[in-house]
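Participant: Residue numbers (the numbering used here), protein chains in the order written: chain X, 560 to 783; chain R, 560 to 783; chain E, 560 to 783; chain C, 560 to 783.
From the three backbone atoms N, C-alpha and C, an ideal C-beta is built for every residue, glycine too.
Treat the numbers as computed from the prediction; the structure is a model and nothing was measured.
Protein chains: 4
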Amino acid sequence: MDTERVERQARRHRTPGSPTPPAGSETPARGRPRSEAVEQAIVEGVVELLEKGVPLTELSIERIARTAGVGKATIYRRWSGKEELFVEVLRSMEAPDPELPGTSMRDDLVCLLEHLRRRGLSMRRSVLLHNVFAQMKTLPRLWDAYHEIVIDPRRRVMHEVLRRGVADGELPAGTDIELASDLVTGPMLLRSIMRDDQPLAEDLAAQIVDLALAGLRTGPDSRM
Amino acid sequence: MDTERVERQARRHRTPGSPTPPAGSETPARGRPRSEAVEQAIVEGVVELLEKGVPLTELSIERIARTAGVGKATIYRRWSGKEELFVEVLRSMEAPDPELPGTSMRDDLVCLLEHLRRRGLSMRRSVLLHNVFAQMKTLPRLWDAYHEIVIDPRRRVMHEVLRRGVADGELPAGTDIELASDLVTGPMLLRSIMRDDQPLAEDLAAQIVDLALAGLRTGPDSRM
Amino acid sequence: MDTERVERQARRHRTPGSPTPPAGSETPARGRPRSEAVEQAIVEGVVELLEKGVPLTELSIERIARTAGVGKATIYRRWSGKEELFVEVLRSMEAPDPELPGTSMRDDLVCLLEHLRRRGLSMRRSVLLHNVFAQMKTLPRLWDAYHEIVIDPRRRVMHEVLRRGVADGELPAGTDIELASDLVTGPMLLRSIMRDDQPLAEDLAAQIVDLALAGLRTGPDSRM
Amino acid sequence: MDTERVERQARRHRTPGSPTPPAGSETPARGRPRSEAVEQAIVEGVVELLEKGVPLTELSIERIARTAGVGKATIYRRWSGKEELFVEVLRSMEAPDPELPGTSMRDDLVCLLEHLRRRGLSMRRSVLLHNVFAQMKTLPRLWDAYHEIVIDPRRRVMHEVLRRGVADGELPAGTDIELASDLVTGPMLLRSIMRDDQPLAEDLAAQIVDLALAGLRTGPDSRM
DNA sequence: TAATAATCGAGACGGTACGTCGCGTCTTCTG
DNA sequence: CAGAAGACGCGACGTACCGTCTCGATTATTA
C-alpha cells in the first residue's frame, strides 16, 4: 500500500477563453468543485479596489485575498499569478461589441472609433484600465490575452468594414486594408494613451474618420 | 533598542535637468563631493541589465546597486527611487534630434516619422525602452519627464512643419494642426506599440504620410 | 459566500482501547460500516514511513493520507488528530510482555531490564519509536496513553518482583520499593535515551542490577 | 563595471559556543554591525512567551518576531531556524555550575544530583524547558548542542568526583566510572522526566546517592 | 597640518509581500 | 451512511526588496 504520490499533478488553471468546459466532460470532476461565488468575489474585489483608486502597485495578492475574504491559495488555485487574474478582470469589464449602423462604411468606421473613444474615456474616469493597460506590456501573458480577447476581434470587424467599403466602391480597389485600418485607429489610440491631460472631444471619432477619408491635402470639408 | 527616530531634514535630490549646480554656488559645498564615476556606473549598469534582457520587474534597486558595485544609499542619495533613476537612463539613451531635409513638407513629415519608426525598432531590438515605455504610465513622474524631454519637443517640430505646409499652400488654410499631427503620428505609434509581432516596413513612414495626405478615398497613388 | 457556520455536534471518536464496539450494539449502526482494511492501511502506512526514516516533523496528516491512499476526513473520522493516531501506532508496535524466569529476584530484575534494553535498541535500529518517544511530551494525550499502556504495567511488575524480594529476604525489610525500582530502571533509561551514540552492551542489564544490589561502596564483585 | 555578485556569500550564523569572536579579528567587520540589543530582545521574548505558558508548538518564528518587535529576517540572520534559536534560549537559562563542597565524595555527588533535581523542578514550574527538552530529540542540532553545552560538562565533573573517590579509597579500585555515574544520575533523570505527576522530594538527591553507595542488598542505613 | 564634514561600500534593520504547505472543516460524487 | 478527492479560510514557512540607519574608511575643503 505504498501509494505516496510524488508528482502532485501539475496545477491546472482555467483556460483564458472558456470559463466552463464546453460540453464533453473531459474528467469525471472528482472532489469538491470550485465555488463560482468565490470566483466572483475575487474578481469583483479587484474591480472595487481599482475603482476606489488603489494603484496597481499596491494590489498585492495578499490584499486581494483579504478584500475578498478568501485564502491566498484559493486565488493561486485558479490563476498562476497577478497576470492571469487581471486577464479575467479585464474580460469582466469589457463593454459589449458595438452594433454597426450599416448605413455606410463611413458611419461604421465612426461607430467603431467611437467605441474606442469610450474605452479611452472609461480608462480615465475609473482609474481602472488605465493602469492595467499601462502595465500590460510588462506582463506578457496579459498582453497576449488582451490581444486575443479584445483587440483582435475589433480589428477583424474594422477590416471587414473596410473590405466592404472597397466592394461598394467607397474605397479604391487595391486599398491596403491593414494600413487603412491603422490610419483611422492610430490617431484615436494616440489621443487616448498619450494625451491623457486633454479631453476626448465628443465628435472626435467623426473628425478622424472624415479627415482620414478625405486626406490632409484636401481636408475634411470635401465630404459629401 | 534605540526607538527615538530623529526627524532629519528632507533629502535634496538633484533636479532632473541640471546634473551639476549652475554657477552661483548656493552652499559652500563642504565635505567629500559626489563622485561622477559612481553616477555613470549606476546608469550604465541599468542600461547593461536592460540590454541583457532583464525584465524591468526584476530591476530592483538592490540588484542595480549590486551590479554597479555601489551601496544602496548612494543611489537614494541621488534619486528618490526607481522612477527618477529611470528618467536619467531614458535621457541618456535618446537618439539625437533628426535633421529635416526641408525640401518639402511631405519629406519633412516622412523624416519625422522615420525617426519614430527607428525608435520603435530599437525598442524591439534591445528589449530596452520596450519595457521602460511599457511601465511608464505606472510611474507618473517618469511619464511626465518623458513627455517633457522627448515627446513634446518632437511634437512641436511636427506642428511647425505642418504650419509651414499651410503657409506654403501644401495644406488647405484652416487645417487643424493638432489633428493633422495625430493623423500621421498615430498609425506609426500603433504599429510600434500594438503590433510588436510584425516588422516595421522600410518605407512605412512614406506610406503613412502619403496615404494621410491623399486620403483613403483617393489612395496614395495620387501623389506627385 | 456561505459564511454562516453551523455548529455541528461534536464528532465522537473511538475509545483508545476498543477498536470495535464490545457487544451490545449501542446504536443501530446504519449506513456503510467503517472498513477495517482502511484502519490497517493508515496505521501500517505510518509505520512504514517511520521505518523509512521520515522524521516525525514531516509526518503531516496530509502525507499520511496520501501514503495510505486515503482521504483526510477518513483519518479524522477515527482519530481527533496526530496524537491519538500515534497512540494506536505505538500500541501496534509494543513487544509482548517478558516472561520472568522466577529463579530469583535478581534474575527477574535482569530480565525486566533486558526487556527495556531491547526496546532501547529497537528504537535506534528502526528509527521508529525514537522520535515518537521524543515528541511524546509535546503531545500530552500520547504521553498519558503511553504511560497507561506501556510504562505503568511494566512498573507494576517490577514493584511486584521487588516486594517478593523483600518477602524472600533478598532485600532488607523496609526497603523503599519505589526508590529501589527507579535505582535499577533509571540507569538503563539514561543509557537508552541520553547516550544514543554509544552501544548498549549485551550484559548491561546484569551489570546494572548487580551494581545496584551490591552498592557502589562494595562493587558488583561481591555477588554470589 | 560588471560586478553583479552571483553567489550571495553563504549566510554565516553564530557559532554556538562563542558569542563574540575571541581575539584575532578574523574579518575586518564591514557594514553595520548586528545589534546586541536586538539579540537580547529576541531571546528574552522567547523566554517570556514560554513563561506565559505558550505551548512550544505555537512558538512560530513569526510570533517571536512580532513579540520582540523585530523583522523575521533579523532572526534568520542570526539563527538558521527554531532549533538554533532554542539552543541560545537554553543556554541563557541554564543555572551556573554548582560549587562542590569537597567535604567528601558522597557530599559532592549529592550536590551534583541536587543541581539536577533543581533543573527538573524548574522545568515543571516554568513550563519552560519542559517542552524544549521534550522536543529536543526531534531537533537533532538542538540535541547535540544541549549535550555539548550542558550535559557533557556536568558529566565530566561527576566522573572527576568519582575518580577522586576511587583515589581516596571511598570506592573500590577498578570501579567502572561510567556505570557508577549512570547509577546515581539515572534515577534522578527518571524521576524528573517520567514521573512529572509526582513531586521531587527535598532529600531525594541524598536518598539516591546513599542507596546507590550502600546497595539495595544492604540499604541506605549502613552509611557512616 | 589638523579638524571637519559629506561621501563611499557594506550590510543590519522593521516592514510587506511573495508563492507554498499543512491544518481541520466542508462539499461534491461514487459505492 | 462511508469513502476518495479536493476546495476552502487560515496562518506559518523562509526569501526578496523596500527605504532607512549605522558602521569604518576615504576625500575634499576650511581653519
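1) I'd like the list of long-range same chain contacts for C/Gly724, defined as Cβ closer than 6 Å, with 5 residues on each side in sequence excluded.
2) Please report whether the beta-carbon of X/Arg776 lies at a distance below 7 Å from any beta-carbon of chain R.
3) Per the contact definition of three or more C-beta pairs closer than 8 Å, is the region 731-746 of chain E in contact with the region 763-771 of chain E?
4) When you compare the CB of X/Pro575 with every CB in chain R, is at least one pair closer than 7 Å?
5) Comparing C-alpha positions only, which one of E/Glu643, E/Leu748, E/Glu653, E/Asp756 sits nearest to E/His703?
6) Exposed or buried, what is X/Gly679 when buried is set at 16 or more other beta-carbons lying within 10 Å of its beta-carbon?
7) With a 10 Å radius around its C-beta and 16 neighbouring C-beta atoms as the bar for buried, classify R/Asp756 as buried or exposed.
8) Please list, in chain order, the chain R residues whose beta carbon lies closer than 9 Å to that of X/Ile710.
9) Measuring only the C-alpha atoms, how far is C/Leu763 from E/Leu672?
10) Please identify, using Cβ separations under 7 Å, the residues of the region 715-743 of chain R that lie next to chain X, in order along the chain.
11) I'd like to know whether the C-beta of E/Gly612 is nearer than 7 Å to at least one C-beta of chain C.
12) Alpha carbon to alpha carbon, what distance is there between R/Glu617 and X/Glu621?
13) Does the Cβ of R/Glu647 have 16 or more other Cβ atoms within 10 Å, making it buried, or fewer, making it exposed?
14) State the start and end residues of the unbroken alpha helix (DSSP H) segment that holds X/Ala600.
15) At what residues does the alpha helix (DSSP H) containing E/Asp755 begin and finish?
16) Does C/Arg776 come out as helix, strand or coil in the three-state DSSP assignment?
17) Which residues in the same chain have their Cβ closer than 8 Å to the Cβ of R/Val669, if we skip the five residues on either side of it in sequence?
18) Against C/Pro746, what residues of chain E qualify as contacts under a CB-to-CB distance less than 7 Å, listed in chain order?
19) Determine whether the beta carbon atoms of X/Leu749 and R/Leu748 lie at a separation below 7 Å.
20) Distance, Cα to Cα, E/Arg677 vs E/Arg625?
21) Please confirm whether C/His572 and C/Ser619 have their CB atoms less than 7 Å apart.
22) Within 7 Å (strictly less), CB to CB, does R/Ala773 reach chain X?
23) Measuring only between beta-carbons, confirm whether X/Leu680 sits less than 7 Å from chain R.
24) Is it buried or exposed for C/Lys611, if we count other Cβ within 10 angstroms and need 16 for buried?
25) Please report the Cβ distance between E/Ala600 and E/Ala627, rounded to the nearest whole angstrom; I am assuming they are in contact, meaning their Cβ atoms lie under 8 Å.
26) According to the Cβ coordinates, are R/Arg650 and R/Ile710 closer than 7 Å?
27) Please list the terminal residues of the continuous alpha helix (DSSP H) segment that includes C/Thr633.
28) Could you work out which residue in E/Arg593, E/Arg714, E/Asp727, E/Pro614 is closest to E/Pro657 when comparing CA atoms only?
29) Between C/Leu770 and chain E, is the shortest Cβ-Cβ distance under 7 Å, so that the two count as touching?
30) How many whole angstroms separate the CB atoms of R/Gly778 and X/Thr734, which I take to be in contact at a CB cut-off of 8 Å?
31) I want to see whether chain X comes within less than 7 Å of R/Leu749, judged by CB atoms only; does it?
32) Could you check which residue in X/Phe645, X/Val716, X/Arg593, X/Pro758 has the C-alpha nearest to that of X/Val605?
33) Would you check if the distance between the CB atom of C/Ala739 and the CB atom of C/Leu759 is smaller than 7 Å?
34) What is the DSSP secondary structure of X/Ser554, reduced to helix, strand or coil?
35) Which residues in the same chain as E/Ile736 place their Cβ atom closer than 7 Å to its Cβ, once the five residues preceding and following it in sequence are excluded?
Facilitator: According to the data block:
1) Met664, Leu730
2) yes
3) yes
4) Any reading at X/Pro575 must be qualified, since the residue scores a pLDDT of 49, below 50, and its modelled position is unreliable; the value itself is stated next. With 7 Å as the cut-off, X/Pro575 does not count as an interface residue toward chain R.
5) Per the sequence shown, residue 703 of chain E should be read as Asp rather than His. Nearest option by C-alpha distance: E/Glu643.
6) buried
7) exposed
8) Met753
9) 23 Å
10) Leu730, Pro731, Thr734, Leu738, Ala739, Asp741, Leu742
11) no
12) 20 Å
13) buried
14) 595-610
15) Premise fails: E/Asp755 is in no alpha helix (DSSP H) and is neither H nor E.
16) coil
17) Ala764, Ala765, Val768
18) Asp741, Leu742, Gly745
19) yes
20) 32 Å
21) no
22) yes
23) no
24) exposed
25) 5 Å
26) no
27) 631-637
28) E/Arg714
29) yes
30) 6 Å
31) yes
32) X/Phe645
33) no
34) Any question about residue 554 of chain X goes unanswered here, given that chain X covers just 560 to 783.
35) His718, Leu721, Arg722
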